[in-house]
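Have a look at the structure below, then the notes.
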């Protein structure tokens with residue numbers, strides 16, 4: 004029972020299907036209430052309807068389809084993930100908070116991470132931080148860095164910049180932070196190599212955070228294909244005390 008209590012408080016009970024119905028999301032909220040999950044993680048257009056029912060995490064600029072990667076379409080996929088303008092993303096995020104979201108999961112421009120575009124990535128993350136600073140309440144920012152298509156250098160680059168911005172903040176700010184590794188909407192085709200959500204990946208992220216964020220301000224949200232309690236427990240251990248959230252559409256099966 005203690006194990007279940009520990010895990011359930013980490014779970015963002017998730018349904019991000021583009022065709023999800025109100026009935027399905029009502030069931031998601033009922034399950035979250037019953038099992039006392041951290042939140043329901045849903046698309047931002049549903050926040051106004053469901054934030055009165057349960058604590059909500061809102062995705063921002065989330066893919067409208069699952070991207071299936073192969074050798075020929077890789078560049079197209081990279082250029083498509085998180086590619087809305089910063090202004091469009093911030094407007095969506097602002098509306099989600101107005102509608103009642105207490106946690107934001109914005110999809111970060113994947114191409115800027117792959118290209119190591121310091122200025123562009125810093126500008127996007129800064130825009131979200133500045134938005135959340137304008138609210139006098141505790142809010143979570145959990146940027147999604149799409150690690151499926153990132154190598155070690157890309158991940159280190161993103162953690163370095165994210166940590167820089169977090170450490171520039173006044174310590175009295177009310178924003179809480181987590182590094183999120185996946186949308187769960189990037190899949191492999193024809194055995195194309197993708198980086199899955201594994202204990203090894205989460206351990207690597209934790210090790211990089213230990214280097215760039217020794218104050219342990221930034222937590223980790225693990226997401227993407229986490230379906231069993233054994234997987235969840237392995238990821239909790241790999242995160243070295245930094246795991247704040249588990250994003251999963253299989254929340255009940257983790258208990």
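In my numbering, the protein residues as written are 4 to 258. Note that beta-carbon positions come from the ideal geometry of N, C-alpha and C, so glycine has one too.
I need the straight-line Cα distance from residue i to residue j, nearest angstrom please.
| i | j | result |
| --- | --- | --- |
| residue 70 | residue 45 | 19 Å |
| residue 21 | residue 251 | 16 Å |
| residue 161 | residue 56 | 34 Å |
| residue 112 | residue 93 | 13 Å |
| residue 214 | residue 26 | 45 Å |
| residue 24 | residue 68 | 16 Å |
| residue 258 | residue 190 | 26 Å |
| residue 175 | residue 16 | 29 Å |
| residue 130 | residue 179 | 15 Å |
| residue 13 | residue 84 | 26 Å |
| residue 4 | residue 212 | The pLDDT assigned to residue 4 is 46, lower than 50, so where the model puts this residue is not dependable, and the model offers no usable value. |
| residue 30 | residue 91 | 30 Å |
Would you mind working out which of the options sits nearest residue i, comparing C-alpha positions?
| i | options | result |
| --- | --- | --- |
| residue 181 | 155, 78 and 168 | 168 |
| residue 98 | 78, 120 and 62 | 62 |
| residue 218 | 84, 258 and 209 | 209 |
| residue 255 | 235, 79, 240 and 243 | 235 |
| residue 166 | 38, 216, 227 and 95 | 216 |
| residue 95 | 118, 83, 51 and 122 | 51 |
| residue 193 | 67, 14, 76 and 12 | 76 |
| residue 243 | 136, 221, 103 and 164 | 221 |
| residue 48 | 103, 136, 171 and 172 | 103 |
| residue 82 | 114, 121 and 74 | 114 |
| residue 328 | 135, 253 and 74 | Nothing about residue 328 can be reported from this structure: the residues present for the chain run from 4 to 258 only. |
| residue 136 | 121, 237 and 171 | 171 |
| residue 121 | 129, 16, 248 and 164 | 164 |
| residue 173 | 212, 211 and 133 | 133 |
| residue 225 | 30, 248 and 79 | 248 |
Which residues in the same chain have their Cβ closer than 7 Å to the Cβ of residue i, if we skip the five residues on either side of it in sequence?
| i | result |
| --- | --- |
| residue 53 | 28, 32, 43, 45 and 59 |
| residue 65 | 19, 46, 110 and 186 |
| residue 204 | 150, 184 and 198 |
| residue 87 | 64 |
| residue 36 | 57 |
| residue 241 | 202, 205, 206 and 209 |
| residue 138 | 100 |
Within a Cβ cutoff of 8 Å, which residues of the same chain sit near residue i, ignoring the five residues on either side of it in sequence?
| i | result |
| --- | --- |
| residue 126 | 89 |
| residue 116 | 124, 148, 149, 153, 157, 160 and 161 |
| residue 207 | 155 and 158 |
| residue 227 | 151, 184, 185, 186, 187, 199, 200 and 250 |
| residue 128 | 111, 146, 164, 165 and 168 |
| residue 34 | 16, 40, 254 and 255 |
Mind reading off the beta-carbon distance from residue i to residue j? Whole number of angstroms is fine, and I expect it under 8 Å.
| i | j | result |
| --- | --- | --- |
| residue 223 | residue 246 | 5 Å |
| residue 144 | residue 107 | 6 Å |
Less than 6 Å between C-beta atoms, sequence neighbours within five positions excluded: which residues of the same chain meet that for residue i?
| i | result |
| --- | --- |
| residue 3 | Not covered by the structure: residue 3. The range shown for the chain is 4 to 258. |
| residue 239 | 246 |
| residue 195 | 72 and 73 |
| residue 141 | 177 |
| residue 119 | 160 |
Using a C-beta cutoff of 8 Å, does residue i count as contacting chain C?
| i | result |
| --- | --- |
| residue 200 | Absent from the structure: chain C. Only one protein chain is present. |
- Item | Continuous beta strand (DSSP E) assignments of at least 3 residues falling wholly in the segment 98-136 | You should have 106-109.
- Task: May I have a chain-ordered list of the beta strand (DSSP E) segments no shorter than 3 residues that lie completely inside the segment 30-76?
- Result: Within the segment 30-76, the runs of beta strand (DSSP E) that reach at least 3 residues and sit entirely inside it are, in chain order, 42-46, 59-63 and 70-72.
- What runs of the alpha helix (DSSP H), each 4 residues or longer, lie entirely inside the segment 143-193? You should have 155-170.
- List in chain order: all unbroken beta strand (DSSP E) runs of 3+ residues lying wholly within the segment 200-226. Listed in chain order, they are 221-226.
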